[in-house]
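Please read the structure below before turning to the comments.
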Amino acid sequence: MKKFRKVLDGLSSSSQGAVASPSCSSAAGTPPTPQDIHVQETLVSENFHICKTVRHGFPYQPTCLAFDPVQKILAIGSRTGGIRILGRPGVDCYSQHESGAAVLQLQFLINEGALVTACADDTLHLWNLRQRRPAVLHSLKFNRERITFCHIPFQSKWLYVGTERGNTHIVNIESFVLSGYVIMWNKAIELATKAHPGPVVHLSDSPKDECKLLIGFESGTVVQWDLRAKKVDFRIYYDEAIHSVSWHHEGKQFMCSHSDGSLTMWNLRNTARPIQITYPHGKILKEGRKESCKPILKVEYKTSRNSSEPYIIFSGGLSYDKAGGRRPTLTIMHGKAITVLEMDHPIVEFLVLCDTPYSNEIQDPYAVVLLLEKDFIMVDLTQSNFPIFENPYPMDIHESPVTCTAYFAECPPDIIPVLYSVGAKQKKTGYSHKEWPVSGGTWTLGSQTYPEVIVTGHADGSVKFWDASAITLQMLYKLKTSKVFENPDAGEGRAVELVEEDPYAIQMVSWCPQSRLFCVVGISAHVILYRFSKHDANTEIVSLEVRPQFDSDDVISPSETENNPSSHSPQMPGSPGNGSQDSLHYLKVKSRPVQMPPGYQAELVVQLQWVDREPPQQITSLDINSAYGLLAFGSCNGLVVVDYIQKTILRRVSTLDLYGAADPFQRLTRSLRKNRQSTSGLTELSDNQVAMDMERSKSPTSDHVNGHCISPTSQPCSVGKSRNPGAPEGPRLTRRGPGRPPFRKAQSAACMEISLPVSSITEESRENSSSRSRSSSVSSIDHDTKEAVTTLQFGESYGRKGDSLPTACLWVGTSLGVVLLLPICIPTERERLEEPVTMGPSGTVLMLKGSVLCFSFLNCGGTLIQSPYEVWREPNVPEDPDEPRRRKLVNLSPLSSQEACGDGHLAVVCSEKQAKVILMPTQAVLFTHNVTESSFLLRADVVSVGNSVCLACFCANGHVMTLSLPSLRLLIDTNYLPLTHVRIARTFVFTNGGQALYLTSPTEIQRIAYSQEMTDNLQDMLGELFTPIETPEAQNKGFLKGFFGGNAQTFDREELFGEAAAGKASRSLAQHIPGPMGLENVRAAAGGVVGDLARARIALEQRGERLGELEERTTLMLKSAETFSTHAHQVMLKHKDKKWYQL
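Quick note, our numbering runs 818 ahead of the 1-based positions in the sequence shown.
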């Protein structure tokens, strides 16, 4: 028995995590057993815990907006019950209402660290923002009335709530219970009025007198209610419905916006009629009638110190007859200047940001926040051209729909600065020179950070690189793959008629951060290889065309070949095809030299050819290795290997030919009665349940959830052509023929679905399919069963049992659960450019249940083996002909050391159903674990957690599982994420460090942590939403007024709304619900203890400073009073004895 000694990476020799002398039996003819491999596994169940970390992107389906002008934080509510709270970059928090009801309105308790939300289920919630994870403190559920509008005055603890019935209720913020004080609608309007005024659409207290409450009803009625006298001061009636009301800061007049596109100005001295009616975008026509205009949904009336003219800002109001009137607009009126800003998306809400939180002071607006349906922008009001601010948040993830994602942790430290340097040149200009106004909260870079990069592929063919370090997200670099191709309009023939939009959509990506090689697969069955360069270049892009491999399934009977003997003639790899008909392409690579800026520059494009004017099958798997100089991609029934150094097609073979003589299946002859039809593309599946049931029984690698095929291995496949022996031969240009994969508009990963070919339902196919098993022990399959190549992995391994030394190999996994090894013979470095690379079947066939998902390699000590790679070097520098540069290869694989690993390594193979650990080269299965029986895996990756490795799995039933390696012991199995949409299956990815991500909505990326260490460090990585800030003082109203108590609070709401004065509200009206104090909230509160102590210390210091200032002011006032008294006494003595006529 040979002994192996290995110490886990990163552990010292004295560490308890050292691997204990692993050994494996290598005697000839004696297969090793699990007892022969001794690896001390350090991971246990306590090392894992699943929780959500951060959410990036634009809030999906936003509904409302709020801003705290003192704390300078901003909140966005959504239709799904989510709340995003944003501050300075790094301060980004997401919270979710448990009910999932839409958020109708948000109200900050300014500078109090609290937020009130009103939801569509007629519930009010009070959120505590004084902790890193906001939590609900109280909830109040209205039972008999529906909430329509809320308002809380500044520095007040009473919340006004308007309802659909027209009533106004008052809620105590501290206890979150209703007051007995109610303003009923029938008391607010005149008794003679019979019609109901409609729901309450506006509530605000008068800037002049806090005792006056202005109530706006939808019908056009506005009432000012005297809270102390409990009566109406005045009523205003207008013919048009009211949408919003805005006060002038002096409290003497206010402005209303209406449904007919008009603005009305009302003065409190005369409320009989408006003092001004304007139609900002409407004109009086010749006939005397007014232009019909859109409603003005909101208006803001703000005054400025720098100008005597106020700002009037509103949304909507454009004429229906004007060109462009259909586009949403924001209008800014300042004096005689009118600026109309057109938006790309409908306006959900906007806010005007002002310097002061007091409504009775000059407002001085400096910015407008615009929340659109699919965008978030901020306009600078301080500059005459109204530029927008540069948004520091990643709100443009969905700029084009996301079609795929990739997550890379522990990247080389230089990769992020390099990408940022080239991406900085792509930034747009013309932004405001001022800093982003939303600057609240605090955030510091945590100690447990390392370089992370997220890559997103999009429907328009663009690829975005994001810096995801320290739980933030920042755009680094954007790559447009469409620039490789000519304009599609220049295509020849009728190829354009056979396709639709988004032909550049990214299907998958492969990136090597060490060598900086990047490869993308597009929906049009093309592969593009990019190299990174710091310099621009003007080079030609090499294009290789690959004719779909010879399909043995297509030739069964002699009658078919006799009728058309040349229809199935095989083509040599990379051959141009037989005429223009066979080499028809929708996308044509640019043949001229292309000027490429610094960054990723296209070097090679590989395209699958069209056959008989039919689009090619789509690509299902991809891998690239910079050390070997090889690129491999698989399709639904074959494999292509490209030597990108010599720019040649190295191997093009069908899946059946990969077996050689070692085919484990008995291929049945296809019946002549079968009609083969296929569908493919990133499309939605048919709802035909019969077809779905047949597909379920037919394919051993596809499962369905809720009628949708979501298995990632059930890739969209199509045969090169669809033949019917009885049909005449000729070009088939039908736009939606059964054999043509529809290249329809590439949707986002939120709505893309993929499936294996659905064959015609016949009696014979039904009999054959019902007799098949989903297990890998299928003994016979039909010829028309497509065996897709589902995963590929380059690495050093043993291609055959008798090999004594490892060599370069390509591991191939198929949709039938078969693992194939292809040994590769690579010439030496000096001969690499001239001598061809050779590879072929080894005869090694391994079997698993379900479609193969991933490969990974460990040494006999349980340490992860990284694939060899080439160190990056600048490609665009002149070479010395006398001393050509040599490639620098790095092989971290312990296999290269005969002394350390002469007896082999461990191969981890995982499929949809099963995971196996195989000892190479003996190919003995050491450990087997059936991961799931009732469902199937969507994603599986071998990842490093702490100082060890594990197998992380995501199942279609929503379970997240981790298995120890190499023993495949179940460590955690949590029902974490219900598979509510196929977008999750398409975008869920694991990475090292105990993290993962998925596309939780079409516009948002959700990151999660599944390691306990990451969860424990999360509190330190999150930003603080609340910071102790002194509330700004109100403007000084004069010495005498202040001295005699003019600034004192003259309106005590407690006297009016308290239980002693107003009594208790009806219990049936609303129900108080205490906030949930779960374990997570307790942890979050405990995590903020240190911050609370620091804030308390700061508050004490500030209080001491204020007391000192107060003492100084008191002294000054005393001296001033003494001086005044002295002068007054002197004046009295001077005029004491004088008569009145002598004065």
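Cβ atoms here follow ideal geometry from the backbone N, Cα and C, with glycine treated the same way.
- As assigned by DSSP and simplified to three states, the class of residue 1064: Position 246 of the sequence shown, counted from the start, is the residue given in the question as residue 1064. DSSP places residue 1064 within a strand segment (E or B) once states are collapsed to three.
- Message: Once DSSP output is grouped into helix, strand and coil, what is the label at residue 1626?
- Response: Sequence index remark: in the sequence shown, residue 1626 carries index 808 (1-based). Residue 1626 falls in the strand class under three-state DSSP.
- Item | Distance between residue 1329 and residue 1239 (C-alpha atoms, nearest Å) | Translated into positions along the sequence shown, residue 1239 becomes position 421. Translated into positions along the sequence shown, residue 1329 becomes position 511. Approximately 19 Å, taken between the alpha carbons.
- Message: Tell me which residue opens and which closes the beta strand (DSSP E) that residue 1160 is part of.
- Response: On the sequence shown, residue 1160 is found 342 positions in, with the first residue counted as 1. For residue 1160, the enclosing beta strand (DSSP E) covers residues 1155-1160.
- Message: Check for me: the alpha helix (DSSP H) holding residue 1873 runs from which residue to which?
- Response: In the sequence shown, residue 1873 corresponds to position 1055, counting from 1. Here the alpha helix (DSSP H) through residue 1873 covers 1871-1875.
- Roughly how many angstroms lie between the CA atoms of residue 1024 and residue 1014, to the nearest whole one? Here residue 1024 refers to the residue found at position 206 when the sequence shown is read from its first residue. Here residue 1014 refers to the residue found at position 196 when the sequence shown is read from its first residue. Here the C-alpha atom of residue 1024 lies approximately 24 Å from the C-alpha atom of residue 1014.
- How would you label residue 1695, buried or exposed, when you count the other beta carbons within 10 angstroms and need 16 or more for buried? Taking the first residue of the sequence shown as position 1, residue 1695 is located at position 877. Residue 1695 is exposed by the Cβ-count criterion.
- C-beta contact flag for residue 1155 and residue 1302 at 8 Å: On the sequence shown, residue 1155 is found 337 positions in, with the first residue counted as 1. On the sequence shown, residue 1302 is found 484 positions in, with the first residue counted as 1. Not closer than 8 Å, so no.
- What is the rounded straight-line gap between the Cα of residue 919 and the Cα of residue 965? As a first step, residue 919 is located in the sequence shown; it is residue number 101 there, counting from the start. As a first step, residue 965 is located in the sequence shown; it is residue number 147 there, counting from the start. Whole-angstrom Cα-Cα distance: 13 Å.
- Task: Mark residue 1942 as exposed unless 16 or more other C-beta atoms lie within 10 angstroms of its C-beta, in which case mark it buried.
- Result: By one-based count along the sequence shown, residue 1942 stands at place 1124. Exposed, because fewer than 16 other Cβ atoms sit within 10 Å of the Cβ of residue 1942.
- Task: Enumerate in chain order the residues of its own chain whose CB-to-CB distance from residue 999 is below 7 Å, with the five nearest sequence positions on each side excluded.
- Result: Working through the sequence shown from its first residue, we reach residue 999 at position 181. So the qualifying residues of the chain are 988, 1874, 1875, 1880.
- Query: Are residue 1166 and residue 880 touching if we call contact CB-CB under 8 Å?
  - Reply: Start at 1 with the first residue of the sequence shown, and residue 1166 comes out as number 348. Start at 1 with the first residue of the sequence shown, and residue 880 comes out as number 62. Residue 1166 is a Cβ neighbour of residue 880, given a cutoff of 8 Å.
- Message: Which same chain residues end up closer than 6 Å to residue 1458 when comparing Cβ atoms and leaving out the 5 residues on each side of it in sequence?
- Response: What you label residue 1458 is simply residue 640 of the sequence shown in a count that begins at 1. Same-chain partners within the cutoff: 1364, 1451, 1470.
- Task: Whole angstroms is fine: what's the gap from residue 983's alpha carbon to residue 899's?
- Result: The residue labelled residue 983 in the question sits at position 165 within the sequence shown. The residue labelled residue 899 in the question sits at position 81 within the sequence shown. Approximately 24 Å between the Cα atoms of the pair.
- Express the C-alpha separation of residue 914 and residue 1896 in angstroms, rounding to a whole number. In the sequence shown, the residue the question calls residue 1896 occupies position 1078. In the sequence shown, the residue the question calls residue 914 occupies position 96. Below a pLDDT of 50, predicted positions are generally treated as unreliable, and residue 1896, at 38, falls in that range; the measurement from the model is reported next regardless. Looking at the two C-alpha atoms, the distance is approximately 15 Å.
- Message: Helix, strand or coil, according to DSSP, for residue 1945 in the structure here?
- Response: Residue 1945 sits at position 1127 when you count from the first residue of the sequence shown. If DSSP states are grouped into helix, strand and coil, residue 1945 belongs with the helices.
- Query: What does a CB cutoff of less than 6 Å around residue 1445 pick up in its chain, not counting 5 residues either side in sequence?
  - Reply: To locate residue 1445, count along the sequence shown from 1; it is residue 627. Correct list, in chain order: 1686, 1687, 1688, 1707.
- Mind checking which residues open and close the beta strand (DSSP E) that includes residue 1232? Along the sequence shown, one-based indexing puts residue 1232 at 414. Secondary structure note for residue 1232: it is in no beta strand (DSSP E), with a DSSP letter that is neither H nor E.
- Message: I want to know whether the region 1236-1256 touches the region 1821-1830 - three or more CB-CB distances under 8 Å.
- Response: Short answer: they don't touch.
- Task: Can you check the region 1076-1114 for any beta strand (DSSP E) of at least 3 residues that lies completely inside it and give the ranges in chain order?
- Result: Within the region 1076-1114, the complete beta strand (DSSP E) runs of at least 3 residues fall at 1081-1085, 1094-1096.
- Item | Residue range of the alpha helix (DSSP H) that includes residue 1363 | Translated into the one-based positions of the sequence shown, residue 1363 becomes position 545. Where residue 1363 is concerned, there is no enclosing alpha helix (DSSP H), although the beta strand (DSSP E) it sits in stretches over 1360-1364.
- Query: If you follow the alpha helix (DSSP H) that residue 1005 is part of, which residue opens it and which one closes it?
  - Reply: The count along the sequence shown starts at 1 and reaches residue 1005 at position 187. Per DSSP, the unbroken alpha helix (DSSP H) holding residue 1005 starts and ends at 1003-1006.
- Taking the CB atoms as reference points, tell me whether residue 875 and residue 1213 lie closer together than 8 Å. Along the sequence shown, read from residue 1 onward, the residue named residue 875 stands at position 57. Along the sequence shown, read from residue 1 onward, the residue named residue 1213 stands at position 395. Cβ atoms of residue 875 and residue 1213: closer than 8 Å.
- Neighbourhood of residue 1480 by C-beta, 8 Å cutoff - its chain only, sequence neighbours within 5 removed: Your numbering for residue 1480 matches position 662 in the sequence shown. Excluding sequence neighbours, residue 1480 sits near 1659, 1661, 1662, 1663.
- Task: Within its chain, find whatever has a CB closer than 8 Å to the CB of residue 976; leave out the 5 residues flanking it on each side and keep chain order.
- Result: The residue you call residue 976 lines up with position 158 of the sequence shown. Spatial neighbours of residue 976 in its own chain (CB-CB distance under 8 Å, excluding positions within 5 residues in sequence) are listed in chain order as 970, 988, 989, 990, 991, 997, 1871, 1875.
- Message: Please tell me whether residue 1778 and residue 1795 are closer than 8 Å, where the distance is taken between their beta carbons.
- Response: Here residue 1778 is taken as the residue at index 960 of the sequence shown, counted from 1. Here residue 1795 is taken as the residue at index 977 of the sequence shown, counted from 1. Yes, these two residues count as a Cβ contact at 8 Å.
- Task: Please report how far the alpha carbon of residue 1181 lies from the alpha carbon of residue 1120, in whole angstroms.
- Result: Translated into the one-based positions of the sequence shown, residue 1181 becomes position 363. Translated into the one-based positions of the sequence shown, residue 1120 becomes position 302. Separation of residue 1181 and residue 1120 (C-alpha to C-alpha, rounded to the nearest whole angstrom) is 6 Å.
- Message: Using a Cβ-Cβ cutoff of less than 8 Å, which residues in the same chain neighbour residue 1751 once the five nearest sequence positions on both sides are dropped?
- Response: Here residue 1751 refers to the residue found at position 933 when the sequence shown is read from its first residue. Within the same chain, residue 1751 has close Cβ partners 1731.
- Message: For residue 1188, tell me which candidate among 1004, 951, 882 has the shortest Cα-Cα distance.
- Response: Start at 1 with the first residue of the sequence shown, and residue 1188 comes out as number 370. When only C-alpha atoms are compared, the closest one is 882.
- Reduced DSSP category for residue 1795 - H, G, I as helix; E, B as strand; rest coil: Translated into the one-based positions of the sequence shown, residue 1795 becomes position 977. Residue 1795 carries a coil assignment under DSSP once its states are collapsed to helix, strand and coil.
- Rounded separation between residue 1297 and residue 1356 - CA only: Counting from 1 along the sequence shown, the entry for residue 1297 is found at position 479. Counting from 1 along the sequence shown, the entry for residue 1356 is found at position 538. Roughly 17 Å separates the two Cα atoms.
- Task: Give the secondary structure of residue 940 by DSSP, where H, G and I count as helix, E and B as strand, and everything else as coil.
- Result: Stepping through the sequence shown from its first residue, residue 940 is reached at position 122. Three-state DSSP puts residue 940 in coil, outside helix and strand.
- Message: Can you give me the C-alpha to C-alpha distance between residue 1787 and residue 1781, rounded to a whole angstrom?
- Response: Counting from one through the sequence shown, the residue named residue 1787 turns up at place 969. Counting from one through the sequence shown, the residue named residue 1781 turns up at place 963. Roughly 5 Å between the two C-alpha positions.
- Task: Report yes if the CB atom of residue 1157 is closer than 8 Å to the CB atom of residue 1204, and no otherwise.
- Result: Taking the sequence shown and counting its residues from 1, one reaches residue 1157 at position 339. Taking the sequence shown and counting its residues from 1, one reaches residue 1204 at position 386. It is a contact, given that the beta carbons lie within the stated cut-off.
- Query: If you compare alpha carbons, which of 1764, 1754, 872 is closest to residue 1729?
  - Reply: In the sequence shown, the residue the question calls residue 1729 occupies position 911. The shortest Cα separation from residue 1729 among 1764, 1754, 872 belongs to 1754.
- So what does DSSP say about residue 1926, is it helix, strand or coil? Counting from 1 along the sequence shown, the entry for residue 1926 is found at position 1108. Three-state DSSP puts residue 1926 in a helix.
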